[in-house]
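Asker: Structure provided below as structure tokens; questions to follow.
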Amino acid sequence: MSLVIKTFFLGLLAALLSVAQAEGLTIEITKGSQTAVPIAIVPFAQQGSVGNVKLTDVISSDLAGSGFFKTLPEEDMLTQPSEPEKINFRDWQVLGQDYMVIGQVLGNGGSFNIQFHLFNVHNGQLLMGYKLTVGGNELRRAAHHISDLIYEKLTGRKGAFNTRIAYVTSAARGGGKQYMLQVADADGYNPRTIAESPEPIMAPAWSPDGAKIAYVSFHTKRSEIFVQTLATGQRQSVSSYPGINGAPAFSPDGSRLAITLSKDGSPDIYVLNLSNRNLTRLTSGLSIDTEPSWSADGGTIVFTSDQGGKPQLYTIPSSGGRATRLTFQGDYNARGRFSADGRSLAMVNGNGGRYRIAVMDMASRTVNVLSEGNLDESPSFAPNGSMILFAANKGGRSVLSVVSTDGAMQQKLDFQSGGVREPAWAP
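If you count by mature numbering (1 follows the signal peptide of the UniProt record, and there is no 0), then the sequence shown holds residues -22 to -1, 1 to 405, one letter each, in order.
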């Protein structure tokens, strides 16, 4: 059996892992950047009832997890000012901080008024002041939004903390298994099950606007591709041909899906027009072609093929044409995913029996291996292109991990009650 075929069916078996619950979530930074910028997130002063979400803990976790910042532990702070006029910048200079954030949270009925200030510690300059009002169930999202604002101000790149991820998990139920497709905040909190079945669910893929998810379900004992609208829960079957219906990927404009079908023999890449269900076949032959993904401009599709004897990445025009081999470094390269700006390509790189996450610079074609595991899989870029989400094997369980695109920082999202697979970062 081809290794690509094995990978496809091993993905089904991987769904047999047990359920992940947010209550059992821990976030562990397993590798930190030596060049991270020191920043102090001072605990916000609180007035009134503000619930059980501590905004500064969320902000600190976000910024530290990005790899660009090193946050100061609360116990190391000499003072905890919440108003600009009460800051003694000399205290923070002594602590070696470059920047600091102070703020206040006021509980006001069912809503919260939040304000914060970002300062340059070296010269006392106010870099940002911001106020916002949020509902009682939006404190974590507000914290992620503040993290995004700070990140963009200090790096010049948009943040990706106030975004979502999707992943597949399963739980024992009634003597069998129940498979669930879940959507959560980018840090793994606030999970919501959007689809479940006693049969495997695989390969979630976000639409460009984040309003829909395509995925593969085996609820009829055979593979079928669905597109589901998150706001309503309404789903529609878009591909149920005989054989494999797999690996859906939305085009950049959301009008088409690149998919893998075996209805005409061996698995090949097709493009499905979602408005009229017309199919365009892109590949043919005896090789196994699977795992398509679109370039940022929609003109190219990258896919995995064993036509050279071992799984490697190839590109082909999305309108049809000749396939061109893209990867040559390593015994195995698969699951290619373009960054939003098209400058980088994430992949699973296999060499010497180890499968790790790597990124290719599309201009130079150089490949940099980022992760350190043995069985890392399913890479997915953050919307801003600075991080890659993937599934890693830790002690026989699958956990979610995030690595910066320079490999300097890596963190683990560990759902202690089970394992998770097939992560996908929303646009």
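Here a beta-carbon is modelled for each residue, glycine too, at the ideal position from N, C-alpha and C.
What you are looking at is a predicted structure, and each value in this text was computed from that prediction instead of being measured.
Quick one: is Ser262 buried, meaning 16 or more other Cβ sit within 10 Å of its Cβ, or exposed?
Answerer: exposed
Asker: List the residues that DSSP assigns as beta-bridge partners of Tyr157.
Answerer: Ser148 and Ser175
Asker: Between Phe368 and Val36, what straight-line distance do the alpha-carbon atoms span, to the nearest angstrom?
Answerer: 21 Å
Asker: Could you tell me which of Gln285, Ser217 and Leu239 sits nearest to Asn254, measuring between CA atoms?
Answerer: Ser217
Asker: Do Phe316 and Val345 come within 8 Å of each other at the CB atom, strictly closer than that value?
Answerer: No. Outside cutoff.
Asker: Please look up how many angstroms separate the CB atoms of Glu137 and Val380, rounded, as I've assumed it's under 8 Å.
Answerer: Note on residue identity: the sequence assigns Gly, not Glu, to residue 137. 14 Å between Cβ atoms; not a contact.
Asker: Locate the alpha helix (DSSP H) running through Lys113, then write down its first and last residues.
Answerer: Checking the displayed sequence, the identity of residue 113 turns out to be Gly instead of Lys. No alpha helix (DSSP H) holds Gly113; the beta strand (DSSP E) holding it covers Leu104 to Gly113.
Asker: How far does the beta strand (DSSP E) with Gln75 in it extend, from its first residue to its last?
Answerer: Run containing Gln75: none; DSSP gives neither H nor E here.
Asker: Helix, strand or coil for His122? Go by DSSP, reduced to three states.
Answerer: helix
Asker: Output the distance between the C-alpha atoms of Asp319 and Thr305, rounded to the nearest integer angstrom.
Answerer: Asp319 and Thr305: Cα-Cα distance of roughly 20 Å.
Asker: When you compare only the Cα positions, how much space is there between Val205 and Ala192?
Answerer: 4 Å
Asker: Can you grab the Cα-Cα spacing for the pair Gln388 / Ile80, in whole Å?
Answerer: 27 Å
Asker: Under a Cβ-count criterion, where at least 16 other Cβ atoms within 10 Å of its own Cβ denotes burial, should Thr34 be classed as buried or exposed?
Answerer: buried
Asker: From the DSSP output, in three-state form, read off residue 463 for me.
Answerer: Here the chain comprises residues numbered -22 to 405, so residue 463 is not present and cannot be evaluated.
Asker: Where does Leu(-7) sit, in a helix, a strand or coil, going by DSSP?
Answerer: Because Leu(-7) carries a pLDDT of 28, less than 50, the predicted location of this residue cannot be relied on, and no value is offered for it.
Asker: What three-state label does DSSP hand Gln(-2) in the structure shown?
Answerer: Annotation note: pLDDT 35 at Gln(-2) (below 50); position unreliable, coordinate value reported separately. Residue state, collapsed to three classes: coil.
Asker: Taking DSSP as the reference, what is the three-state secondary structure of Ala162?
Answerer: strand
Asker: In angstroms, rounded to a whole number, what distance separates the CA positions of Ala164 and Gly113?
Answerer: 20 Å
Asker: Can you check whether the CB of Leu353 is closer than 8 Å to the CB of Asn329?
Answerer: no
Asker: State the DSSP-derived secondary structure class of Arg68, mapped to helix, strand or coil.
Answerer: helix
Asker: Could you give the DSSP three-state label for residue 408: helix, strand or coil?
Answerer: Residue 408 cannot be examined here, being either before or after the span of the chain that is shown, -22 to 405.
Asker: DSSP three-state call for Ser39: helix, strand or coil?
Answerer: Note: Ser39 maps to helix in three-state DSSP.
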